[in-house]
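These notes concern the structure reproduced below.
2 protein chains.
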Amino acid sequence: MKVGAITSRDNPLLVRLRKLNRDPNGYRKHGEVLIEGEHLCQAFAAAGTPRHALVSSEAWDEPVLRELASRAAAVAVVPAALLAEVSALESAPPLAFVIDWPGRGSLQPGRASIVLDRVQDPGNVGSILRSAAAFGFHQVVALAGSAALWSPKVVRAAMGAHVGLALVEVAAGESLAALDALEVPAIATSSHADAAIDTAELPSPCAWIVGHEGQGVAPELLARSRAVRIPQPGGQESLNVAVAAALCMYESTRRRSAS
Amino acid sequence: MKVGAITSRDNPLLVRLRKLNRDPNGYRKHGEVLIEGEHLCQAFAAAGTPRHALVSSEAWDEPVLRELASRAAAVAVVPAALLAEVSALESAPPLAFVIDWPGRGSLQPGRASIVLDRVQDPGNVGSILRSAAAFGFHQVVALAGSAALWSPKVVRAAMGAHVGLALVEVAAGESLAALDALEVPAIATSSHADAAIDTAELPSPCAWIVGHEGQGVAPELLARSRAVRIPQPGGQESLNVAVAAALCMYESTRRRSAS
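Chains as they are written, first to last, in full-length UniProt numbering: chain U, 1 to 259; chain A, 1 to 259.
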């Protein structure tokens with residue numbers, strides 16, 4: 001580990017991170033992801049050696065943050081004002097890591113998966129990653145048009161769930177091929193389905209598909225999937241997509257442990 | 001219904017709505033709630049006569065919006081720029097209603113309920129209201145310190161679920177009294193509980209208690225509740241609070257329909 005001080009906002013690392021910060025998809029171009037805050041940095045440090053740690057000049061005196069920062073290959077001590085400029089948060093935390101983006105990922109056939117079909121909201125995507133980690137759906141497949149899995153808002157909302165999940169970003173036009181490559185039955189929720197999720201037979205492993213907040217799952221994907229409905233005795237309210245995704249994974253988990 | 005044009009930003013209604021917009025708890029002082037956008041206005045128009053409709057000058061020509069606006073006691077046609085100033089949204093929709101705040105509400109004993117103990121995030125609270133409406137938990141009780149139930153962000157995230165739910169806002173210091181007044185068994189989720197939610201006996205009706213995003217349910221409330229854990233075979237990840245709340249209500253619903 002080498003430690004250096006950055007004092008100029010023209011420093012190449014800061015210039016690059018400011019660009020990264022402006023574009024939710026920027027990590028695909030730059031190959032780097034910014035991880036902010038002690039809790040998230042702790043989670044990612046357990047998974048590999050971060051390329052850089054950025055620490056505010058004040059925080060460098062705190063033993064806990066200093067120890068955590070020291071797990072990176074290089075440490076940059078940066079004035080808080082310059083750190084704030086690269087932060088995606090309103091109030092920049094005193095510690096951030098820069099990690100290598102692991103790439104789009106490759107589908108692993110035969111695994112319990114959750115497939116995101118144009119889920120728009122980063123908070124929803126992050127929440128789904130947390131639920132996937134909790135319920136042991138270790139492969140998350142984002143079809144084109146979904147919120148970018150490694151964008152700052154998704155990373156934030158997932159609270160460390162990225163670590164330990166197999167994350168796959170499918171390129172535009174390859175959704176159907178990806179569904180085939182999973183080699184497990186696909187199931188989608190639909191309010192029109194006859195079968196109810198709590199009593200229908202659920203294959204295991206399976207791939208649950210959840211769709212766009214307004215439009216739901218695309219018809220061409222529905223055509224390749226079994227459909228079940230989530231009984232909603234209170235009326236035909238529609239559930240938030242992150243809630244629906246969690247219910248699907250919970251129900252799969254419950255069945256497995258009951259059988 | 002009377003129709004008038006507003007052309008000045010000093011109009012008393014607009015002055016009042018700008019104040020309302022600046023304060024998430026403002027509706028308690030002003031006794032009014034702003035409902036924005038066609039979808040939400042449709043939901044609220046079904047529940048009673050709105051006090052005012054505000055329509056942008058351009059939208060007043062659209063038959064659908066004009067018809068919807070006409071359900072209010074009074075219609076104000078307002079230049080889009082002035083409407084934008086009262087909107088809580090980045091891009092103001094062309095139609096908004098002003099409705100009477102129904103007040104803090106009174107607890108109805110013996111009903112299936114969900115209790116929010118300092119749930120902070122308006123998006124989470126809105127999502128919980130949607131799930132409560134879907135699963136037939138018609139009473140939602142917000143203890144002091146939770147995101148304000150009628151704030152613009154919660155109203156937005158709940159997507160119309162406010163209509164048809166019995167919403168109760170409990171004043172500070174009255175949490176334990178409120179729990180007693182429910183007169184149904186209280187259940188909370190805790191990762192330390194022995195009983196698992198999918199196999200434990202669940203009383204019906206019951207009150208599910210969900211807590212603060214970081215701290216969970218307060219100890220004094222836990223002490224009065226049964227506790228169950230949500231099995232998370234993927235590891236000790238913690239679920240988003242809106243997801244956990246939905247799973248609890250789903251499981252109650254599933255048990256009722258299975259028995």
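Glycine residues also receive a C-beta, built at the ideal position from the N, C-alpha and C atoms.
None of the values given here were measured: they were computed from a predicted structure.
Closer than 7 Å at the C-beta level to chain U, one finds these residues of the segment 145-167 of chain A: A161. Of all residues in the segment 227-249 of chain A, only P231, Q232, P233, G234, G235, E237, L239, N240, A242, V243, A246, L247 place a beta-carbon less than 7 Å from a beta-carbon of chain U.
Nearest to L116 of chain U by C-alpha distance, out of U:V33, U:A193, U:E36, U:L222, is U:L222. Contact between the segment 153-171 of chain A and the segment 112-132 of chain A is present: three or more C-beta pairs spanning the two stretches fall below 8 Å.
Using a Cβ distance threshold of 8 Å, P205 of chain A and V184 of chain A count as a contacting pair. Using a CB distance cut-off of 8 Å, A186 of chain A does not count as an interface residue toward chain U. Comparing alpha carbon positions, the residue from U:R66, U:A96, U:A112, U:E85 closest to P203 of chain U is U:A112. For W150 of chain U, the three-state secondary structure derived from DSSP is coil. Listed by position along chain A, the residues whose Cβ is nearer than 9 Å to that of G136 of chain U are Q232, P233, G234, G235. In the three-state reduction of the DSSP assignment, Q108 of chain A falls in the coil class, being assigned neither a helical nor a strand state. Under the Cβ distance rule, S131 of chain A counts among the residues neighbouring chain U, one pair being separated by less than 8 Å. Bridge partners of H212 of chain A according to DSSP: A:G216. In this model, P219 of chain U and A188 of chain U are separated by some 11 Å (Cα to Cα).
For T189 of chain U, the enclosing beta strand (DSSP E) stretches over residues 186-189. Boundaries for S238 of chain U: no beta strand (DSSP E) harbours it, and the DSSP string shows neither H nor E there. Residue state for V168 of chain U is assigned as strand, using DSSP reduced to three classes. Secondary structure at S127 of chain U: helix, using DSSP grouped into helix, strand and coil. Excluding residues up to 5 positions away in sequence, P231, E251 lie with their Cβ nearer than 7 Å to the Cβ of D198 of chain A in the same chain. Under the three-state reduction of DSSP, D100 of chain A is assigned to strand. Contact annotation: V55 of chain A and L95 of chain A have beta-carbon atoms nearer than 8 Å. Look at H52 of chain A here: in three-state DSSP terms it is strand.
Bounds of any beta strand (DSSP E) do not take in R28 of chain U; it lies within the alpha helix (DSSP H) bounded by 26-30. Excluding the 5 residues flanking it on each side, A133 of chain U has same chain C-beta neighbours closer than 7 Å at A161, G164, L165, in chain order. Between the C-alpha atoms of E169 of chain A and R66 of chain A there is a straight-line separation of about 34 Å. For Q42 of chain U, the secondary structure class from DSSP, reduced to helix, strand or coil, is helix. Identification of residues in the segment 172-203 of chain A having a C-beta nearer than 7 Å to some C-beta of chain U yields D198, given in sequence order. Residue pairing of S113 of chain A in beta bridges, as defined by DSSP: A:Q139, A:A207.
With a threshold of 8 Å between beta carbons, G123 of chain A makes contact with chain U.
Boundaries of the beta strand (DSSP E) harbouring R226 of chain A: 226-228, taken from the DSSP string. Around the beta carbon of S225 of chain A, 16 or more other beta carbons sit within 10 angstroms, so the residue counts as buried.
Under the DSSP assignment, V3 of chain U falls in the beta strand (DSSP E) whose first and last residues are 2-5.
Note that the C-beta distance between F97 of chain A and A81 of chain A is not below 8 Å. N25 of chain U counts as exposed, since fewer than 16 other C-beta atoms from the protein chains shown sit within 10 angstroms of its C-beta.
Interface annotation for the segment 50-73 of chain U against chain A: empty, criterion Cβ-Cβ distance under 7 Å. Excluding the 5 residues flanking it on each side, A47 of chain U has same chain C-beta neighbours closer than 8 Å at V163, G164, in chain order. Beta-bridge pairing by DSSP links I197 of chain U to no other residue.
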